[in-house]
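Below is one structure; the comments refer to it alone.
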Amino acid sequence: MERGGRFTLEWRAGMDLLEYQGKQLFARHGLKVSQGRAVTSVEDAIVAADEVGYPVVIKAQVLIGGRGKAGGVKLASNESEAREHAANILGMDIAGHVVRTLWIEHASDIASEYYASVLLDRSAKRPLVMFSTEGGVDIEEVAEKTPEKLIRQHVDALDGLSHAQAAQIATVGGADEDVVEGVADALVALYEVWLQEDATLAEINPLIVTPEREVKALDSKVSLDGNALYRHPENQELSDRENEDPLERRAKDEGVQFVKLDGDIGILGNGAGLVMSTLDVVAQAGGSPANFLDAGGGSNAETIKQAVDLILANDAVKAVLVNIFGGITRGDEVASGLIAAFEEIKPSVPFVVRIDGTNDVEGRRLLQEASLPNVHAASTMTEAAEMVVALAAGQGVGAAA
Ligand code: GDP
Ligand code: MN
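If you're matching positions, the sequence shown starts at 2 in my numbering and goes up one per residue.
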């Protein structure tokens, strides 16, 4: 993306879809799914259940698996059952995800539960199709305990997944003979979802066979590639904004990679690898990071200002460590960004700044000249981590920068 006359790379977070959104993509590519409605209240759930027809299944829409086990998936054969389940599931907390949306669909009869997924195998540099007749359960467990029951087959990225290869996967995987064609159709459609929607993962668990021998996606797990979202304007509004952490949402809007953590030391770095090692070093020094924030390669003054803003929006933060290694990112740009941020935000918590690499001397000089209150310079990562941990604990350190 062109910015300030220079070319910079921007990383965009991926987007996980709720089950019903994934199913909408599935339907667009010809995968069979049940008709349903997404609702946010018990009354609307009842209206939806009447529309799709009893029996219905009422499903929590949260970005986490294992909803069934947690009580977030219930069958209802009449209005009073639907009312009871909808009321119970709305507001339910499933592993930290509060249920605000329900998906109501006509319940399916199930003869078999299979598993299917498509993803990119980075080490093989090829798309990978997985299939198992042991669906409906935790697939990691199948992979671990009975790996022979999870078929893994690479696909030639240029040729794509042919119906013949899909049928072979279904056969080798042990799909009932009379549904091999149906499973192959589903695999080809799933591959198409993965490819054409720029997904990083497209998974169906369970892919069911009904007593009528229809093959159908009963669940969906789809992650879209954030960097390709610009090619899919119709998918951009699918993000589960309401259920996102407000800080992470803001970070996404600003194109910054940010993950909120539980500690009290704010972290700002450039490059995912550097930020990860910064977290490690802080933990080794006895501190607890409040976030992961990668301002990205080629971070400029404006990005740094936004990043500081974001970190300080978290009330738990008691001290901040800025760890910049200049490559594409220039130390002087980072220093200017920090100075601008401090002038505007006037943070009340101490900062430890380590700038190394491209234009580091200039960057440190700018910081020194600005003589910002509460900003401490460190020359190595270890020193920086020790300083920030002491500051977060309310202890003083040496001279300010
Ligand atoms: P997950 O637990 O988050 O993976 O949610 P799923 O959508 O996979 O549902 C969990 C389980 O509920 C499935 O494996 C099925 O056994 C069951 N289930 C979901 N929908 C239906 C349905 O329409 N009919 C029946 N009989 N069972 C269903
Ligand atoms: Mn499932």
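The C-beta atom is built at its ideal place from N, Cα and C for all residues, glycine as well.
Exposure of P374 is indicated by the presence of fewer than 16 other C-beta atoms within 10 angstroms of its C-beta. Going by DSSP, R38 is part of no alpha helix (DSSP H) but of the beta strand (DSSP E) stretching over 37-40.
Per DSSP, D333 is one residue of the alpha helix (DSSP H) stretching across 332-346. Judged by DSSP secondary structure, S278 falls within the alpha helix (DSSP H) whose first and last residues are 273-285. Counting only residues of its own chain and dropping the five nearest sequence neighbours on each side, V309 has a CB closer than 6 Å to the CB of A342. Boundaries cannot be given for D265, as no alpha helix (DSSP H) includes it and DSSP labels it neither H nor E.
Selection E145, T172, H164 evaluated against D186 yields H164 as nearest (Cα-Cα).
Nearest to L208 by C-alpha distance, out of A171, L76, E235, is A171.
In this structure, R68 has its CB closer than 8 Å to one or more heavy atoms of ligand 1. Taking C-beta atoms under 8 Å as the contact rule, V57 and A50 qualify, at a distance of about 5 Å. Looking from the CA of R366, the closest CA among S349, I346, I340 belongs to I340. Here the stretch 307-323 lies against the stretch 382-401, with 3 or more beta-carbon pairs under 8 Å apart. For Q154, the enclosing beta strand (DSSP E) begins and ends at 152-155. Nearest to A336 by alpha-carbon distance, out of L162, A168, D179, T304, is T304.
The beta carbon of D122 sits closer than 8 Å to those of P128, L129, H155, all from its chain and outside the five residues before and after it, given in chain order. DSSP places P234 in the uninterrupted alpha helix (DSSP H) bounded by 234-237. Note: H98 is bridge-paired with I95 in the DSSP secondary-structure output. In the structure shown, T201 falls within a strand segment according to DSSP collapsed to helix, strand and coil.
For ligand 2, a non-hydrogen atom lies closer than 8 Å to the CB of G137. Take L313, set aside five residues on each side of it, and the residues of its chain with a beta-carbon closer than 8 Å to its own are G267, V321, I346, P348, V350, in chain order.
The C-alpha of Q237 lies about 22 Å from the C-alpha of V99.
Nearest neighbour of R153 by Cα position, chosen from F352, Q166, E344, turns out to be Q166. DSSP places S113 in the strand class (E or B) of the three-state scheme.
For S289, no beta strand (DSSP E) run applies, since DSSP gives it neither H nor E. In its chain, beyond the 5 residues on either side, P56, V57, V58, L76 have a beta carbon closer than 7 Å to the beta carbon of A108. Counting along the chain, L219 sits inside no alpha helix (DSSP H), nor does DSSP assign it H or E at all. Under DSSP, D357 takes part in a beta bridge, and its partners are F326. If you draw a straight line from the Cα of Q396 to the Cα of E198, it comes to about 52 Å.
The stretch 89-99 makes no contact with the stretch 128-146: fewer than 3 CB pairs, one atom from each, lie closer than 8 Å. Inter-segment contact for the stretch 224-235 and the stretch 15-31 is present: three or more beta-carbon pairs are separated by less than 8 Å. In the displayed model, D310 falls within a helix according to three-state DSSP.
Between M131 and the set A317, S124, A117, I105, the nearest pair of CA atoms involves A117. In chain order, the residues positioned with their C-beta nearer than 5 Å to some heavy atom of ligand 2 are N206, D220. Burial of R68 is indicated by the presence of at least 16 other C-beta atoms within 10 angstroms of its C-beta. When C-alpha distances from I65 are compared across L18, H233, K253, the shortest belongs to L18.
Under the three-state reduction of DSSP, I170 is assigned to helix.
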